[in-house]
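Peer 1: Respectively, the protein sequence lines represent chains P and R. Heads up, my numbering is the position in the first sequence plus 14, with the first residue counted as 1. Heads up, my numbering is the position in the second sequence plus 3, with the first residue counted as 1. We put the CB at the ideal spot given by N, CA and C, even for glycine. Keep in mind the model is a prediction, meaning the values are calculated, not measured.
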Amino acid sequence: MRRSFLWTRIAVVTLVGVCLVFHAHIGHVWASQPIVIGGSLPLTGEFAETGKLIERGMKFWAQEINERGGLLGRPVEFKIYDDESNVGKAVTYAEKAITVDKVDLLFGGYPGTAARAVMPVAEKHKYVYVSMGGHMKSFEQGYTYSFGAPPLMGEWWYEGFFQWMETVPADQRPKKAAVYTMNNPVGASLTGSIQKWTKKLGIEIAIDEKYNLPLPDATPLIMKAKQLNCDMLFANGFFGDGVMMIRAAKALDYNPKVILQGIGSVVPAWIKELGKDGDYVFSGTSLYNKLNFPGNDKLNAFAKKEFQIDGYPLYFGFGYAWMQALAQGVEGSKSLDQTKIRDWLKANKIETIAGPMKFDEKGLPDPINFCTQLINGQVELIWPPNVRTAEPVYPKPAWK
Amino acid sequence: MAPNTKVVYPGQMNSTLVIQSLISGVMMGSVYALLGVGFSLTWGVMKVINVAHAAFGLLATFMAYSLLQAYGVDPVASLAITIPLLYFGGCILYRTLLIRITSAKAVIVSSMILTFGIAIILENGMLLVWGADPRLLTTSYTSKVFVVGPFYFQYPPLIGFVMSIIGVMTIHLFLKRTYVGKAVRAAWQQPEASQLCGINLRRISTITFGLAVATSGAGGVGMGLLYSFEPHSHNLWLIHLFLVVIVGGVGNVLGTALAGLIIGIITGLSMAFLPYQWVNLLTFGLLMIILVVRPQGLFQSEV
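(1) Under the three-state reduction of DSSP, which class applies to A189/R: helix, strand or coil?
(2) Kindly list, in the order they appear in chain P, the residues whose Cβ is closer than 8 Å to that of M31/R.
(3) Around the C-beta of P381/P, are 16 or more other C-beta atoms found within 10 angstroms, so that it is buried, or is it exposed?
(4) From what residue to what residue does the alpha helix (DSSP H) around E195/R run?
(5) Going along chain P, which residues have a C-beta under 8 Å from S146/R?
(6) For I49/P, which residues of its own chain have a beta-carbon under 6 Å away from its beta-carbon, when the five flanking residues on both sides are left out?
(7) Compile a chain-ordered list of the residues in the stretch 39–52 of chain R whose CB is closer than 8 Å to at least one CB of chain P.
(8) Is the CB of Q241/P under 8 Å away from at least one CB in chain R?
(9) Residues of the stretch 381–395 of chain P in Cβ contact with chain R at a cutoff of 7 Å, in chain order, please.
(10) Identify the contact partners of Y230/R in chain P, using a Cβ-Cβ distance below 8 Å as the criterion.
(11) W170/P: which of D185/P, K210/P, I236/P and V135/P sits nearest, CA to CA?
(12) With burial defined as no fewer than 16 other Cβ atoms inside 10 Å of the residue's Cβ, what is the status of Y35/R: buried or exposed?
(13) Please state if the CB of L247/P and the CB of A239/P are separated by a distance shorter than 8 Å.
(14) Determine the contact status of R103/R and S231/R, defining contact as a CB-CB distance below 8 Å.
(15) Keeping to the same chain, check which residues put their C-beta closer than 8 Å to that of V148/R; ignore five residues upstream and five downstream.
(16) Roughly how many whole angstroms lie between the Cα atoms of N269/P and Q186/P?
(17) Taking the alpha helix (DSSP H) that A131/P falls in, what are its first and last residues?
(18) Residues of the stretch 77–109 of chain R in Cβ contact with chain P at a cutoff of 7 Å, in chain order, please.
(19) Only counting the same chain, and skipping five residues up and downstream in sequence, which positions put a Cβ closer than 7 Å to that of Q299/R?
(20) Quick one: which residues of the stretch 254–288 of chain R get their C-beta closer than 7 Å to a C-beta of chain P? List them in chain order.
(21) What residue from V150/R, V256/R and V248/R has the CA that sits closest to R188/R's CA?
(22) With a threshold of 6 Å on Cβ separation, who are the neighbours of H39/P within its own chain once the five nearest residues in sequence on each side are excluded?
(23) How long is the line joining the alpha carbons of F302/R and V248/R, rounded to whole angstroms?
(24) For the beta strand (DSSP E) holding Q177/P, just list the boundary residues, first then last.
(25) Would you say M237/P reaches chain R, if we count a Cβ-Cβ gap shorter than 8 Å as a contact?
(26) Run through DSSP, which three-state label would A184/P get?
(27) With 8 Å set as the bound, which would you pick, yes or no: does the beta-carbon of A62/P sit closer than that to a beta-carbon of chain R?
(28) Spell out the partners DSSP gives I364/P in its beta bridges.
(29) Using only alpha-carbon positions, find the residue among N310/P, G206/P and A131/P that is nearest to D97/P.
(30) Whole alpha helix (DSSP H) runs in the stretch 221–290 of chain R with 4 or more residues, listed along the chain?
(31) My guess is that L301/P and P398/P are in contact by the Cβ rule of under 8 Å, so how many angstroms apart are they, rounded?
(32) By the three-class DSSP mapping on this structure, what secondary structure does Y408/P have?
(33) Please confirm if T142/R has its CB atom under 8 Å from at least one CB of chain P.
(34) Is it buried or exposed for C94/R, if we count other Cβ within 10 angstroms and need 16 for buried?
(35) Please report the residue range of the alpha helix (DSSP H) in which Y155/R lies.
(36) Please identify, using Cβ separations under 8 Å, the residues of the stretch 268–299 of chain P that lie next to chain R, in order along the chain.
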């Protein structure tokens with residue numbers, strides 16, 4: 015009996031010892047097991063240049079967080095698929111990352127058409143998806159796991175400009191506007207705020223036309239605006255059609271008080287290719303390297319060292335900012351449980367290089383109202399006043 | 004519509020705007036024609052649909068861009084370098100690859116597949132060398148205008164128009180007046196008989212293909228003077244190539260030129276009288292009607 019009791023005690027002690035050793039080992043393995051963040055980016059094809067910048071921004075974030083000891087004490091690593099700038103493939107790879115690779119987290123994709131298509135996939139599998147989204151419509155589908163941090167939102171694009179214009183004395187404001195908008199969802203997203211604000215500021219819309227891409231020629235459009243004495247021109251298009259408008263305006267010596275250009279003027283090629291003719295164009299953005307929020311200096315220093323440029327490229331910043339938001343959700347909820355991350359993000363304020371953000375039920379922060387103007391070949395922040403980097407040039411000087 | 008909106012409807016157009024729209028359309032259409040001439044030639048004469056034609060044109064545009072940026076060479080002057088390069092490139096391409104499929108039964112389909120692959124290689128090569136950023140050919144005359152009364156003629160489209168006339172007439176006269184040109188036509192009208200007359204079919208085919216590829220260079224620079232371009236722009240240009248060639252009649256050089264002008268006029272008139280968003284709908288609607296009514300195009304093949 016006594017002998018049997020002794021053996022039982024030895025067995026229990028051995029078992030406890032084995033369990034302790036095993037637990038310690040497993041704990042160690044789990045702690046060193048990387049957190050895998052998966053998804054796709056357009057690394058080849060039409061959007062490759064931008065996709066690669068986003069990838070660099072994400073990897074810079076990963077390098078930084080790994081040097082600080084990782085996320086939840088675990089290193090992070092990416093599993094990035096190349097969707098070849100194809101929306102269908104972006105959806106397929108998002109499904110694959112979630113269901114086959116069983117990644118811990120999902121990262122945001124590009125462009126807006128891909129992000130918009132991946133949002134329902136993320137929702138179906140209950141994965142938090144922080145991206146630029148695909149304008150307001152994509153955030154109005156009832157998705158609960160998608161966040162725009164920051165989003166690229168056409169509906170907010172001109173908010174900052176109009177808020178600034180409101181500060182201009184009424185007698186100095188433009189009187190008549192010509193609005194030319196590309197006929198696609200991006201163009202459509204810009205028009206609502208134009209209607210709302212021009213009415214509020216007493217600016218008459220004399221021309222409101224849509225055109226399909228590619229725009230064959232901008233000369234008749236500019237001629238019409240000139241004939242009707244429109245002193246405000248909205249060129250709501252991409253780079254190609256935006257450039258045609260500017261060139262035609264210069265050729266026809268059309269000098270409105272203000273030119274707003276939707277999306278095309280925020281790409282570096284606008285300044286590089288148009289030179290001085292690209293100056294004084296107003297636009298909007300949801301992120302910029304001259305913002306004075308914490309983190310921008312660090313990114314700019316990295317860009318200077320890595321790319322030999324002053325100021326990080328916009329999409330490098332987007333990649334970084336989306337990961338910043340996702341990481342705060344993970345660290346705040348202290349979990350990789352997607353619902354806990356989502357709930358934490360919905361309930362708390364986060365800090366990003368685009369500024370502090372608090373999300374609403376759509377997963378959107380308060381409207382971002384950065385207004386930009388190209389002055390002497392530099393994109394300057396005009397509005398809101400707390401981020402202003404230069405005084406606006408208004409009215410636009412005549413063409414030289 | 005918001006109460007502050009007072010939209011100008013097409014009915015309110017004035018004659019100046021209508022004529023200006025027409026001028027713009029004609030200038031634009033002529034450049035499409037220049038780009039389309041070589042495409043029409045290989046399709047109509049050799050039954051080779053060179054899907055890479057616009058990509059070759061784009062390559063010349065990028066080369067013109069680099070020469071302009073690095074040495075200040077005018078894009079039109081750069082053609083002195085790019086056209087011979089494209090000609091020899093076209094000849095080599097024909098001799099090494101295309102010659103293997105020209106005797107195939109389904110030469111049209113085979114050539115489309117083969118040249119599609121070449122277009123992809125060219126596009127990726129351009130991406131590698133020039134990157135994905137959009138580019139512009141900005142010259143000293145880019146924003147200059149020639150004013151006639153109330154009408155504006157911007158220099159770049161005007162230069163494109165002149166280039167188009169010269170290019171189309173050169174190809175037309177080459178085919179009609181020169182021995183080699185006549186041999187080209189003979190070789191493809193009666194391959195066996197022409198060979199009996201001493202025409203070297205292989206040599207003639209090589210010249211034809213080289214020449215067609217060379218004309219894409221002029222068309223590409225013409226397009227570059229009008230529009231921004233990036234490595235995948237050739238896909239868009241290709242759509243217009245099909246449009247002008249099908250409307251003009253495959254293999255008809257002057258027909259292609261006229262088709263370019265017709266499409267330009269239709270585009271110009273639609274810009275003047277219709278909402279701008281209808282322009283492409285109308286243009287491609289026209290293509291469908293022509294395909295149904297006259298599948299051979301508006302004009303007969305010249306060869």
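Peer 2: A quick look at the data gives this:
(1) helix
(2) P230 and D231
(3) exposed
(4) P194 to L199
(5) R261, K264, A265, D291 and W413
(6) L85, R88, V90 and D118
(7) none
(8) yes
(9) none
(10) P228, G254 and M258
(11) K210/P
(12) buried
(13) yes
(14) no
(15) Y155, F156, Q157 and Y158
(16) 15 Å
(17) G126 to K138
(18) none
(19) G252
(20) T270, M274, A275, P278, Y279, Q280, V282 and N283
(21) V256/R
(22) Any reading at H39/P must be qualified, since the residue scores a pLDDT of 48, below 50, and its modelled position is unreliable; the value itself is stated next. Within the same chain, H39/P has no close Cβ partners at all.
(23) 10 Å
(24) Premise fails: Q177/P lies in the alpha helix (DSSP H), E173 to M179, not in any beta strand (DSSP E).
(25) yes
(26) helix
(27) yes
(28) M371/P
(29) A131/P
(30) 236–251 and 256–276
(31) Contact flag wrong, Cβ pair sits at about 14 Å.
(32) coil
(33) no
(34) buried
(35) First-last for Y155/R: F154 to Q157, but that is the beta strand (DSSP E), not the alpha helix (DSSP H).
(36) V281, P282, A283, K286, E287, L288, G289 and D291
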